[in-house]
Amino acid sequence: MTSTNGDQPTWERKRAQKRKDVRAQRTANHHQELRRQGAARGFKGVAEAEWNIVRSAIGRLPQEQRDDLWRQTAATLRQIAENAAVQKP
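Residue numbers (this note's numbering): 9 to 97.
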């Protein structure tokens with residue numbers, strides 16, 4: 009059933025709301041995992057949980073986007089490592 013005032017059809021609004029709810033739940037789960045790992049294993053646990061979140065988020069993308077994002081991520085991590093190596097006394 010569609011609306012008569014030119015707004016989005018009901019099914020589109022419901023789908024958009026469902027996407028919003030799923031995104032909110034996923035974010036809440038990520039926050040909970042970070043807190044749980046922080047409490048259990050400290051800073052290293054949080055870092056590992058963050059990496060798992062990044063991997064799962066990238067894994068949900070289409071292959072072409074995923075490959076491009078992994079290349080960008082790898083380049084950024086290399087740059088961070090090089091900067092950290094230069095800054096060491």
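Glycine residues also receive a C-beta, built at the ideal position from the N, C-alpha and C atoms.
- Query: What's the C-alpha gap between A47 and P17?
  - Reply: Just so you know, the alpha carbons of A47 and P17 end up roughly 45 Å apart.
- Item | Through-space distance from A82 to T10, alpha-carbon basis | With a pLDDT of only 49 at T10, under 50, the local geometry of the prediction cannot be trusted, and no value is derived from it.
- Item | Minimum C-alpha distance to L77 - residue among A93, V54 and V62 | Shortest Cα-Cα distance from L77 to any of A93, V54 and V62 involves V62.
- Message: For a test of the three-state rule: what should DSSP assign to D15, helix, strand or coil?
- Response: Coil, per DSSP.
- Task: Quick one: give me the first and last residue of the alpha helix (DSSP H) that L69 is part of.
- Result: Element bounds for L69: n/a, residue is neither H nor E.
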